[in-house]
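First residue of the sequence shown: 186, per this note's numbering; consecutive thereafter.
Just so you know, even glycine gets a beta-carbon here, dropped at the ideal spot from N, CA and C.
Contents: one structure, followed by commentary.
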Amino acid sequence: MHKQSIASLAQGLRQGDFSSEELTRHFLDRIHRYNGALNCFITVTEEVALADAREADRRLRAGEAHALTGIPLAHKDIFCTDGVRTSCASRMLDNFIAPYDATVIQSFKAAGAVMLGKANMDEFAMGSSNETSYYGPVGNPWDTARVPGGSSGGSAAAVAARLAPAATGTDTGGSIRQPAALCGLTGLKPTYGRVSRYGMIAFASSLDQGGPLALTAQDAALLMNVMAGFDEKDSTSIDQPVPDYCAALDQPLDGLRIGVPREFFGDGLDAAVGELVQAAIGQYQRMGAAIVEISLPNTRYSAPTYYVVAPAECSSNLSRFDGVRYGYRCEDPVDLMDLYKRSRGEGFGAEVKRRIMIGTYALSAGYYDAYYLKAQKLRQLISDDFKKAFVEVDVIMGPTTPTTAFAAGDKLNDPIQMYLSDIYTIAVNLAGLPAISIPCGFSAGLPVGLQIIGGYFKEAQLLHIAHRYQQETDWHARVPEAFET
Ligand code: GLN
């Protein structure tokens with residue numbers, strides 16, 4: 186059962202081949218067997234899962250089932266879950282039991298999906314390797330000595346090892362697409378405002394966006410049908426009708442114009458990764474698409490721009506963790522200042538503190554114009570590059586990451602190198618666009634991701650284009666050997 190897509194599991198449930206309780210127990214057994222090696226779950230919600238599964242079985246029998254009813258899922262531990270610890274992989278929230286559900290979680294509950302547990306991640310979603318978690322690093326199922334990517338590394342590793350059929354993630358600068366690429370999955374970062382951020386612990390509010398990590402584009406479409414939509418509780422949610430993301434998956438690709446930015450194939454790109462990505466683009470050409478060389482000249486400023494904007498927003502968002510209202514509190518504070526200082530000093534990890542300091546500095550009087558305001562201007566130029574490109578082409582293709590999964594520990598002490606692993610994904614968040622990463626081959630046994638970027642609200646088109654490729658190739662169906670059975 187663990188090798189099947191959600192689409193086929195849903196069919197099995199409907200036909201009565203197995204119950205949701207059997208399916209859920211199967212995945213829980215796998216989690217018990219393999220989580221020790223991967224550390225991809227922070228919390229396993231066995232009792233919740235079995236109760237959800239029994240209720241799903243009742244709905245299935247009563248003929249009240251939705252497409253996802255009875256399907257087990259893992260949720261990144263950044264989504265608040267009522268009555269279940271929501272840690273954001275931080276000591277600061279190690280003891281935090283959310284008193285409500287994030288809208289995304291509520292939507293999955295309403296659809297009858299089953300929650301297996303809360304997935305490991307980089308602390309407060311800051312990182313590209315899942316090594317900044319308070320609960321320890323996550324292994325990549327393709328080679329456990331390597332990183333799964335981050336920050337949604339636990340979600341990606343869980344799905345790649347078939348410990349969950351699919352998972353939720355969030356993407357502020359690449360955190361769905363980059364781990365999808367490094368673990369051989371399909372990961373979609375939706376248009377900013379498409380998926381509610383209510384109850385999703387904030388890192389950088391103008392960039393954060395939730396989305397699915399799945400085995401196939403079709404599965405990602407099934408998840409998007411539940412996740413996407415207007416939410417009055419999120420002031421940046423956009424009130425636009427949600428299409429059926431599964432409706433157009435099988436359309437032909439004829440006439441599709443693919444832009445290939447020359448800036449995405451320059452220095453720093455691993456040669457084997459570049460070749461596999463070019464080969465995938467060639468495949469699209471054979472399937473009827475036209476290839477157009479384009480330029481996104483300002484994307485070279487995206488990392489420096491992002492590393493001003495994201496820390497600035499994080500310094501403001503994380504100021505709420507003060508040791509007073511909830512979360513970690515230091516022992517025996519002598520006065521209020523001591524309480525603040527030690528609670529934050531002891532509760533946050535090194536990367537989070539680095540970001541808070543950079544952000545606070547960039548926003549401080551006298552530096553605001555030089556850094557934050559300048560970064561906002563660059564952000565506009567980066568968005569304008571995409572706007573111009575989408576006059577000429579329908580979608581943009583390139584690599585998701587410059588390299589395959591790197592060895593654990595490799596970049597941990599070199600933040601700049603770590604930040605550069607998102608060099609191709611960050612511009613998309615700055616512009617608020619949707620983008621998907623799909624597996625397009627292997628280099629030395631490690632998966633490589635193809636990134637496809639679309640215009641605003643073109644998620645259905647991205648899923649369609651990805652699905653067509655997955656009809657022609659089987660990279661997405663490969664299972665890491667150690668987790669086959
Ligand atoms: N790796 C990037 C960072 O550390 C992006 C993280 C994310 O998308 N949440 O900020």
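What residue from Cys273, Gly639, Thr670 has the CA that sits closest to Lys573's CA? Gly639
Margin query: Could you check if Met385 belongs to the surroundings of the ligand GLN, using beta carbon to heavy atom distance under 8 Å?
Written below: no
| If you check the beta carbons only, do Gly512 and Ser528 fall under 9 Å apart? | yes
| At what residues does the beta strand (DSSP E) containing Val178 begin and finish? | No answer is possible for residue 178: the residues shown for the chain start at 186 and end at 670.
Arg442 - DSSP class collapsed to helix/strand/coil: Strand, per DSSP.
Notebook entry, point to check: Counting pairs of beta carbons, one from the region 374-385 and one from the region 241-259, are three or more of them closer than 8 Å?
Noted result: no
Following a CB-centred definition, is Asp393 positioned closer than 8 Å to any heavy atom of the ligand GLN?
yes
Which word fits Met542, buried or exposed, when buried means at least 16 other C-beta atoms lie within 10 angstroms of its C-beta?
-> exposed
Enclosing beta strand (DSSP E) for Lys572 [first to last residue] | No beta strand (DSSP E) holds Lys572; the alpha helix (DSSP H) holding it covers 559-577.
query = Nearest to Ala274 by alpha carbon, out of Phe203, Glu240, Gln636, Met311?
reply = Met311
* Asked: Rounded to the nearest angstrom, how far is the Cβ of Gly297 from that of His251, given a contact under 8 Å?
  -> 6 Å
(Q) Using 9 Å as the threshold, is the C-beta distance between Ala474 and Ala645 below it? (A) no
Ser360: first and last residue of the uninterrupted beta strand (DSSP E) it sits in: Note, Ser360: premise wrong, no beta strand (DSSP E); not H, not E.
Fill in: Anticipated Cβ contact below 8 Å, Thr357 with Ala495, distance rounded
6 Å
Checklist entry - Under three-state DSSP, which class holds Asp523? => result helix
Taking C-alpha atoms, which residue in Trp327, Thr589, Gly354 lies nearest to Asn305?
For Asn305, the closest of Trp327, Thr589, Gly354 by C-alpha to C-alpha distance is Gly354.
Between which two residues does the beta strand (DSSP E) carrying Ile623 extend? 620-628
Straight-line CA distance for Ala241 to Lys294?
-> 10 Å
### Query
Relative to the C-alpha of Cys265, which residue among Cys225, Asn224, Phe309, Ala236 is closest?
Phe309
Margin query: Suppose the cutoff is 6 Å on Cβ atoms and the five residues either side in sequence are ignored; what does the same chain contact list for Asp416 look like?
Written below: Thr288, Ser381, Tyr383, Ser422
Check your understanding: If we call anything under 9 Å between Cβ atoms a contact, is Ala351 one with Pro326?
Key -> No, the pair does not count as a contact, with Cβ atoms beyond the cut-off.
| Asp671 - partner residues in DSSP beta bridges | Past the edges of the chain, shown from 186 to 670, lies residue 671, and the structure says nothing about it.
Bridge partner(s) assigned by DSSP for Ala592: Arg331
Tell me whether Tyr654, by its Cβ, gets closer than 8 Å to a heavy atom of the ligand GLN.
Checking every heavy atom of the ligand GLN against the Cβ of Tyr654, none is found closer than 8 Å.
Can you tell me whether Ser480 is buried or exposed? The criterion is at least 16 other CB atoms within 10 Å of its CB, across all chains shown. Exposed, because fewer than 16 other Cβ atoms sit within 10 Å of the Cβ of Ser480.
- Message: Measuring only from the beta carbon, is Ala497 closer than 8 Å to any heavy atom that is part of the ligand GLN?
- Response: no
Checklist entry - Cβ-heavy atom distance between Gly583 and the ligand GLN below 8 Å? => result no
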